[in-house]
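In my numbering, the protein residues as written are 674 to 987.
Glycine residues also receive a C-beta, built at the ideal position from the N, C-alpha and C atoms.
Notes to accompany the following structure.
Rendered as structure tokens:
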């Protein structure tokens, strides 16, 4: 009976040879997988470090920052409509957007500091917003400059004018620290940790655009929609988003793109769909309601021209 107990592995006896072999195989596979994971993490860390150290040579592009109240008011509206306030907070004093071991600490800096960027020159503001780089040419983490690289001189100047006249705040916001998941997604091309890497820094910038209800102007205004809805605007869960982050809707004609202008306007102004239901908390309608009638009509016209896509194709 004792021999049978040992052979069966019960009652604390020795593990049978066939089970012992399977166990050894499992250990070897796990060890191999562990080595692969460690190796992958080392490669990801090395690539991420290289991108962090990259310096970009950005041509000088002079802009004029207005001082009249009308321009400041327009800048205040654009700062909301373009989601500057969504990341940097009301009053642009900065905030921590997410903090977890996997993602790291995602923070938007205080834009009203008495030292920086209040003290930055117009050119340094232009580099940060449209190119995603600091004064020394190093890349800013997370700053979605790829969504602002086509921002006109007039619109950028108005936003800067608004930010500069805000009351100075001494709020100290911790810097962004990328976690392993964000680094891996960046290396895989699924997330833009350093948007400067994908920007054509030599492309010409336009001084101004005429605001009109056309698809062309709508495309210009919709550039900041891609951050959540994807470059193809078909929605889905943004890669690297926190677990509780809601999925973005499909903006192509397969989804919201088929809404009437009246329904689309209501959605952006109130967060209410045509059926009376409310959009999820991820849709920043409290900011899109700052869009004026011409801008909303232009975005609506543009969305009707984009290719129809199934949900989640990003």
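Helix, strand or coil at residue i [DSSP, three-state]
i: residue 770; result: strand
i: residue 851; result: strand
i: residue 724; result: helix
i: residue 764; result: helix
i: residue 842; result: coil
i: residue 963; result: coil
i: residue 984; result: coil
i: residue 871; result: helix
i: residue 891; result: helix
i: residue 896; result: helix
i: residue 937; result: helix
i: residue 945; result: strand
i: residue 812; result: strand
i: residue 952; result: coil
i: residue 862; result: coil
i: residue 806; result: strand
i: residue 909; result: strand
i: residue 885; result: coil
i: residue 818; result: helix
Sequence-distant residues of its chain with Cβ nearer than 7 Å to residue i (five each side left out)
i: residue 898; result: 906, 924
i: residue 816; result: 801, 805, 868
i: residue 775; result: 852, 853, 854
i: residue 820; result: 896, 897, 899, 900
Boundaries of the beta strand (DSSP E) in which residue i is found, first to last residue
i: residue 781; result: 777–781
For residue i, the first and last residue of its enclosing alpha helix (DSSP H)
i: residue 833; result: 826–838
i: residue 748; result: 742–754
i: residue 918; result: Element bounds for residue 918: n/a, residue is neither H nor E.
i: residue 796; result: 795–799
CA nearest to the CA of residue i, picked from the options
i: residue 771; options: 794, 891, 917; result: 917
i: residue 735; options: 803, 915, 895; result: 803
i: residue 880; options: 829, 848, 810; result: 829
i: residue 985; options: 877, 837, 920, 823; result: 920
i: residue 824; options: 838, 848, 837, 798; result: 798
i: residue 889; options: 972, 752, 793; result: 972
i: residue 838; options: 742, 759, 942; result: 742
i: residue 896; options: 958, 938, 775, 754; result: 754
i: residue 894; options: 758, 812, 822, 778; result: 822
i: residue 956; options: 862, 756, 970; result: 756
i: residue 877; options: 726, 840, 733; result: 733
i: residue 960; options: 759, 746, 745, 715; result: 759
i: residue 913; options: 864, 970, 726; result: 864
i: residue 970; options: 886, 953, 808, 908; result: 886
Proximal residues to residue i (C-beta, below 8 Å), its chain only, five neighbours per side dropped
i: residue 866; result: 721, 724, 814, 815, 851, 855, 856, 858, 859
i: residue 783; result: 761, 765, 766, 767, 842, 844, 845, 846
i: residue 810; result: 728, 729, 730, 731
i: residue 978; result: 888
i: residue 929; result: 922, 923, 937, 940, 976
Spatial neighbours of residue i in its chain, beta-carbon cut-off 6 Å, leaving aside the 5 residues before and after
i: residue 892; result: 975
i: residue 962; result: 942
i: residue 833; result: 738, 798
i: residue 835; result: 745, 748, 749, 752
Cβ separation of residue i and residue j, assumed to be a contact under 8 Å, to the nearest whole Å
i: residue 983; j: residue 927; result: 6 Å
i: residue 849; j: residue 780; result: 5 Å
i: residue 987; j: residue 903; result: 3 Å
i: residue 738; j: residue 795; result: 6 Å
i: residue 747; j: residue 831; result: 5 Å
i: residue 958; j: residue 949; result: That belief does not hold up - the Cβ atoms of residue 958 and residue 949 are roughly 15 Å apart, past 8 Å.
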